[in-house]
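Inspection log for the structure reproduced underneath, given as structure tokens.
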Amino acid sequence: MSPRVRSALSAVLIALACLLAPLGALSAWATYGLGDSERYEATMAPLAGDDDVRDAIAAGVTEDILREVHVRPRLQGPVNHFVRDAVRSFTETDAYRTAWEAANMAAHDAVMRALREDHEGAVTVDLAPVTERVKRRLADDHMPLAGRIPVAHTEVTVLEAEDLARLRKGFHVLEVAGFWLPSASVAFSATGIVIAVRRRRAVLATGLGTALGAALLGVAITVGRRLTLDDLPPDVSRTAAGAVYDALTETLRFVSWLLLATGLTVALTAALAGVYARRRRQAEAPRQVPAEQSTHVGA
214 MSPRVRSALS
224 AVLIALACLL
234 APLGALSAWA
244 TYGLGDSERY
254 EATMAPLAGD
264 DDVRDAIAAG
274 VTEDILREVH
284 VRPRLQGPVN
294 HFVRDAVRSF
304 TETDAYRTAW
314 EAANMAAHDA
324 VMRALREDHE
334 GAVTVDLAPV
344 TERVKRRLAD
354 DHMPLAGRIP
364 VAHTEVTVLE
374 AEDLARLRKG
384 FHVLEVAGFW
394 LPSASVAFSA
404 TGIVIAVRRR
414 RAVLATGLGT
424 ALGAALLGVA
434 ITVGRRLTLD
444 DLPPDVSRTA
454 AGAVYDALTE
464 TLRFVSWLLL
474 ATGLTVALTA
484 ALAGVYARRR
494 RQAEAPRQVP
504 AEQSTHVGA
């Protein structure tokens, strides 16, 4: 294989490796982060104590309860205040954490089943267990009319039907790519470096390309957060949704920073190695000494 062909093939393989690195990180995150029930539960559990999430849940539950409880106008203010305080206090209990985990796992299981099976229609979650726990807490606090709060099977839509088919196809692709894309990225980069005519330069290009891909992945995460929050309905708390988004993408952000640091480290090492090699060659080069003029003594 001629040096020109080797250089061209090496450049193509390294470019593919740098392109597949962030895509592989994204697909692996979707498959092994979001798709795994245990990892999802571990990610969402700490959010039960997040102030923004608790405020959003307390506001939503309070509104649902007050919608069903009708009192005289002169009692409406005190009852509303009592319910808000009771619900906010409920979000600090172990029962709330249990309800939070149960609701999240129910939503996760419903979405995963819909994405992996031929589910038709919107994906919904029943919040009746949460309402039942709040009702018991209000009754224990001797709130008047607490026993009249209906425990209706309130279904909350977590995935619209029109989005399901598109998301199912994308998720299937990510599941397949979750293993092969990272493996292909490593294989392409290693092969590109091995067949390169100038391997040090190939290592430098691989490092810089990986760092660039990681930076683009970080930008995509930030842009995705903004677009997600902008697309929320007006009655959904943006701060709470932002906390959930940050928790779900924490691992992906860490991987992007790790790829960025690794790429820059590899590139810097290759650059310093090149400088050291050039200086060493210059130091070891034999000094050119002017040729001595030969003298001939006449007989």
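Numbering-wise, my numbering puts 220 at position 7 of the sequence shown, and it's gapless, one number per residue.
Glycine included, C-beta positions come from ideal geometry on N, C-alpha and C.
All figures in this text were calculated on a predicted structure; none of them were measured in a lab.
By how many angstroms is the C-alpha of L425 removed from the C-alpha of R301?
Whole-angstrom Cα-Cα distance: 45 Å.
Helix or strand or just coil, what does DSSP make of S220?
helix
Among G391, F392 and N293, the one whose alpha carbon lies nearest that of A272
N293
Hey, L279 and A456: beta-carbon distance below 8 Å or not?
no
Could you tell me the distance, in whole angstroms, from the CA atom of A490 to the CA atom of D322?
Cα-Cα distance, rounded: 57 Å.
Rounded to whole angstroms, what's the CA-CA distance from R219 to I408? Just pull it up for me.
6 Å
Can you check which of these residues, V324, E276 and L430, is closest to L380 by C-alpha distance?
V324
Close beta carbons around A496, own chain, < 7 Å, minus the five adjacent residues each side
none
Closest to A158 by CA distance: which of C231, E254, P216 and A221 is it?
Residue numbering for the chain in the displayed model covers 214 to 512; residue 158 lies beyond these limits and cannot be assessed.
At least 3 beta-carbon pairs within less than 8 Å: the segment 235-251 vs the segment 435-443:
no
Rounding to the nearest angstrom, what Cα-Cα distance links V502 and W470 in this structure?
Confidence at V502 is low in this model, with a pLDDT of 47, below 50, so its placement is unreliable and no value can be given for it.
Confirm, please, whether the CB-CB distance from A327 to L377 is below 8 Å.
yes
Straight-line Cα distance separating T404 from S223:
7 Å
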